[in-house]
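First to last, the protein sequences are chains A and B. Residues 1 to 306, numbered by my numbering, are exactly what the first sequence covers, in order. Residues 307 to 594, numbered by my numbering, are exactly what the second sequence covers, in order. What follows is one structure encoded as structure tokens, with my remarks underneath.
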Amino acid sequence: MGRYIFKRTLMLLPVLLGVSLVSFSLLHMVPGDPAELLAGEEANPEFIRALRKEYGLDQPLYIQYFHFISHVVRGDFGISIRNREPVIKLLKERFLFTLQLSFLSILIAGSIGLVAGVISATKQYSLFDNFSMVGALFGVSMPIFWFGLLLMLVFSVQLRWFPAGGKGTILHLILPAIALGAASSAVIARMTRASMLEVIRQDYIRTARANGLREFIVIYKHALKNAMIPVITVFGLEFGYMLGGAVLTETVFSLPGVGRLMVEGIFQRDYPIVQGSMLLVATTFVVVNLLTDIAYAFFDPKIRYE
Amino acid sequence: MNEIKGTKTISQTAEVWRRLKRNRAAMMGGMIVFLFVFVAILAPWISPYPPNEGDLSKRLKPPSKEHLLGTDALGRDQLSRVIFGARISLQIQVVAVFIALIIGTLLGMVGGYYGGTFDNLIMRLMDILLAFPGIFLAISIIAVLGPGLNNLMLAAGIYSIPQFARIVRGSVLSLKEKEFIEAARAVGENDLNILFRYLLPNSMAPIIIQTTLRMATVLLTASGLSFLGLGVQPPTPEWGAMLSTARAYMITAPHVATVPGLAIMLVVMGFNLFGDGLRDSLDPRLRD
Numbered sequence: 001m002g003r004y005i006f007k008r009t010l011m012l013l014p015v016l017l018g019v020s021l022v023s024f025s026l027l028h029m030v031p032g033d034p035a036e037l038l039a040g041e042e043a044n045p046e047f048i049r050a051l052r053k054e055y056g057l058d059q060p061l062y063i064q065y066f067h068f069i070s071h072v073v074r075g076d077f078g079i080s081i082r083n084r085e086p087v088i089k090l091l092k093e094r095f096l097f098t099l100q101l102s103f104l105s106i107l108i109a110g111s112i113g114l115v116a117g118v119i120s121a122t123k124q125y126s127l128f129d130n131f132s133m134v135g136a137l138f139g140v141s142m143p144i145f146w147f148g149l150l151l152m153l154v155f156s157v158q159l160r161w162f163p164a165g166g167k168g169t170i171l172h173l174i175l176p177a178i179a180l181g182a183a184s185s186a187v188i189a190r191m192t193r194a195s196m197l198e199v200i201r202q203d204y205i206r207t208a209r210a211n212g213l214r215e216f217i218v219i220y221k222h223a224l225k226n227a228m229i230p231v232i233t234v235f236g237l238e239f240g241y242m243l244g245g246a247v248l249t250e251t252v253f254s255l256p257g258v259g260r261l262m263v264e265g266i267f268q269r270d271y272p273i274v275q276g277s278m279l280l281v282a283t284t285f286v287v288v289n290l291l292t293d294i295a296y297a298f299f300d301p302k303i304r305y306e
Numbered sequence: 307m308n309e310i311k312g313t314k315t316i317s318q319t320a321e322v323w324r325r326l327k328r329n330r331a332a333m334m335g336g337m338i339v340f341l342f343v344f345v346a347i348l349a350p351w352i353s354p355y356p357p358n359e360g361d362l363s364k365r366l367k368p369p370s371k372e373h374l375l376g377t378d379a380l381g382r383d384q385l386s387r388v389i390f391g392a393r394i395s396l397q398i399q400v401v402a403v404f405i406a407l408i409i410g411t412l413l414g415m416v417g418g419y420y421g422g423t424f425d426n427l428i429m430r431l432m433d434i435l436l437a438f439p440g441i442f443l444a445i446s447i448i449a450v451l452g453p454g455l456n457n458l459m460l461a462a463g464i465y466s467i468p469q470f471a472r473i474v475r476g477s478v479l480s481l482k483e484k485e486f487i488e489a490a491r492a493v494g495e496n497d498l499n500i501l502f503r504y505l506l507p508n509s510m511a512p513i514i515i516q517t518t519l520r521m522a523t524v525l526l527t528a529s530g531l532s533f534l535g536l537g538v539q540p541p542t543p544e545w546g547a548m549l550s551t552a553r554a555y556m557i558t559a560p561h562v563a564t565v566p567g568l569a570i571m572l573v574v575m576g577f578n579l580f581g582d583g584l585r586d587s588l589d590p591r592l593r594d
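Have a look at this one:
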């Protein structure tokens with residue numbers, strides 16, 4: 001197990017290197033002089049020169065990259081062009097918010113998906129099964145932002161059960177979390193159903209039944225435990241995707257998340273913000289995937305020996 | 307040789323079609339896709355009004371006999387805009403998926419066939435693209451390229467390259483050990499021929515399935531980008547951009563925010579159903 005974790009973590013390094021190169025090159029791929037871009041639109045030449053020197057923008061590219069990385073690993077993502085605050089400070093607030101939203105979302109999506117998947121599998125081709133599989137089809141086909149708008153229209157505007165946007169209480173997060181999690185709950189339901197169906201047909205389940213165990217015990221103790229293994233991967237992957245997809249929910253409900261920060265950064269040409277968001281979200285996503293893989297290997301020993 | 311090959315292809319296609327026809331969900335998906343393409347192509351002839359001309363005295367009107375789906379904030383006919391929106395969506399989908407299909411397939415074939423350092427390099431490159439979760443990758447590409455229709459298509463295309471590369475590589479890896487490839491090598495076929503006349507045709511099933519399913523993902527992503535303001539800009543009648551404008555009038559005129567989203571969902575569903583059906587009929591072993 002230790003060896004697997006080590007090997008898998010080592011594979012992370014080239015990816016992280018690539019991610020850092022991509023976000024580093026952002027400033028150099030956009031047309032214009034990097035120092036002027038960093039200084040913002042109405043900067044005086046004095047300031048531009050100071051910036052060029054501070055960030056080493058007059059140095060060769062590989063030195064600039066080294067400079068960039070050595071700052072990033074110390075948590076220094078530069079200064080926001082727009083409001084002259086350290087990028088890390090803005091990122092931290094916004095990112096924690098997105099993380100919170102995604103957690104709630106995977107919690108909702110996971111519970112709905114698991115329950116629907118297990119019932120669908122145990123009652124294959126029943127009314128419930130058909131109903132939830134059609135629901136899953138809608139789940140993966142609906143645009144997050146449209147579903148969010150509909151939820152807002154029904155539950156905030158018409159019924160007034162939830163606030164229509166902004167942050168504060170958990171109530172503010174429920175609708176955005178549902179919108180963000182719709183597709184994931186569909187994917188989890190399908191995966192759980194397929195995995196359960198496969199397990200239920202195995203001999204050891206038949207043996208358990210033949211031994212006279214109650215159906216409830218057979219399904220929830222013996223079958224579910226083994227069926228869960230592939231579902232874990234989906235959980236991790238979906239949680240990771242939420243970090244990216246959250247930008248749409250955040251826009252619909254006017255929430256202060258990291259996705260929104262990045263999009264605003266693009267509009268305002270606030271490159272340090274964009275670079276920081278790219279680095280942070282991609283790194284988190286990669287680490288979440290790593291943890292998912294490790295969890296998978298932990299539960300399914302076959303993986304470790306491949 | 308050719309004759310035998312020909313006969314086999316026909317019977318295989320017929321077999322796939324036979325299986326597909328029996329799959330009701332797939333046929334429904336196919337009909338939706340067909341209708342969507344039909345509307346997209348015939349948009350100028352079937353839309354009742356020009357999509358960008360509005361009557362400001364008729365702002366945000368609910369559906370009526372004159373305007374079947376009502377009018378938007380500038381008094382433009384909503385139905386006409388949705389119809390023209392199909393055109394833009396189809397254009398984005400086709401161009402983006404085509405970019406991904408060509409580049410991804412080539413990378414996957416070459417990587418899988420030659421293996422070694424080159425393959426490693428390609429796959430690590432794909433890993434880097436995949437390190438950006440979902441739509442976040444497309445947003446990051448837009449951050450470099452800047453907003454707009456052309457960049458949107460390019461971003462949605464690059465965003466889909468890794469999926470094609472991985473699938474084709476996997477297919478080539480399993481095929482290249484087969485006897486018929488060995489035989490082709492033994493009779494002295496060169497690499498180019500083996501790649502394009504032996505490996506590619508035999509990898510078509512997963513490529514076709516992926517192409518269909520990607521049309522759905524690309525539409526979701528592209529309309530999402532336009533909704534964020536990073537893609538197609540108003541007044542172009544793109545569905546995501548229409549939703550973005552409609553947000554402000556959601557309470558007074560909910561129909562304006564409902565229709566474009568419904569269109570996106572229907573088309574995505576059509577491609578998903580058809581793609582799943584294709585998967586079942588092209589490769590029955592993959593069925594769960």
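From the three backbone atoms N, C-alpha and C, an ideal C-beta is built for every residue, glycine too.
Scanning the stretch 93-151 of chain A for uninterrupted alpha helix (DSSP H) segments of 4 residues or longer gives 127-141, 144-151, listed from N- to C-terminal end. Here the alpha carbon of B/M521 sits roughly 7 Å from the alpha carbon of B/F577.
The beta-carbon distance between B/V565 and B/L525, rounded to whole angstroms, is 16 Å. This is too long to meet the 8 Å contact definition.
By the Cβ neighbour-count rule, A/L107 is exposed, with fewer than 16 other Cβ atoms within 10 Å of its own. The DSSP-derived three-state label of B/D383 is strand. Your pair A/V118 and A/T192 checks out as a contact, with CB atoms roughly 6 Å apart and the cut at 8 Å. For the C-beta of A/T251, the chain B residues within less than 8 Å are, from N- to C-terminus, F533, L534.
Within chain A, M142, P143, F145, W146, F147, L149, L150 have C-beta atoms less than 9 Å from the C-beta of B/G567, given in sequence order. Between the alpha carbons of B/R472 and B/V403 lies a gap of roughly 15 Å. B/S480 has its alpha-carbon roughly 29 Å from the corresponding atom of B/V400. Apart from sequence neighbours up to five positions away, the residues of its chain that approach A/G245 with a beta-carbon distance below 7 Å are I144, L180, ordered along the chain. Against chain B, a Cβ distance below 8 Å from A/L13 picks out nothing, because the smallest value is about 10 Å.
Only residues of its own chain outside the window of five on either side were considered, and among them G417 have a CB closer than 7 Å to the CB of B/M429, listed in chain order. For B/F580, the enclosing alpha helix (DSSP H) has its first and last residue at 560-588. In the DSSP assignment, A/I79 forms a beta bridge with A/P86. Remark: C-beta atoms of B/G567 and B/L549 approach each other more closely than 9 Å. A distance of 9 Å or more separates the beta carbons of A/S185 and A/A295. Here B/T377 is bridged, per DSSP, to B/D383. No Cβ of chain B is located within less than 9 Å of the beta carbon of A/Y220.
In the three-state DSSP reduction, B/G440 falls in the coil class, being neither helix nor strand.
Of all alpha-carbon atoms in B/L326, B/Y465, B/A511, the one lying nearest the alpha-carbon of B/I441 is that of B/Y465. Contact annotation for A/V286 against chain B: A437 [CB-CB distance below 7 Å, chain order]. Counted as a single uninterrupted DSSP element, the alpha helix (DSSP H) harbouring A/N226 occupies residues 224-252. In terms of CA proximity to B/F580, B/R328 leads the group B/S317, B/R328, B/Q318.
Not one beta carbon of chain A lies nearer than 9 Å to the beta carbon of B/D589. Counting C-beta atoms within 10 angstroms of its own C-beta, A/T207 has fewer than 16 neighbours from the protein chains shown and is therefore classed as exposed. Note: B/G452 is not bridge-paired with any residue in the DSSP secondary-structure output. The beta carbon of B/A392 sits no closer than 9 Å to any beta carbon of chain A. Taking the C-beta atoms as reference points, A/Q275 is found nearer than 9 Å to A/F77. When C-beta atoms of the stretch 474-489 of chain B are compared with those of the stretch 551-565 of chain B, fewer than three pairs fall below 8 Å, so the two segments do not count as touching. Going by beta carbons, B/M337 and B/I405 fall outside the 9 Å limit. Selection A/V187, A/F155, A/I219 evaluated against A/R201 yields A/I219 as nearest (Cα-Cα).
Within 10 angstroms of the beta-carbon of A/V134 lie fewer than 16 other beta-carbons, which makes it exposed. B/L584 and B/M334 have their C-alpha atoms spaced approximately 12 Å apart. Along the stretch 13-32 of chain A, the positions whose C-beta sits under 7 Å from a C-beta of chain B are P14, V15, G18, V19, V22, L26, M29, V30, read in chain order. In summary, the residues of the stretch 505-538 of chain B whose CB is separated from some CB of chain A by less than 8 Å are A522, L526, S529, G530, F533, L534, G535, L536, in the order they occur in the chain.
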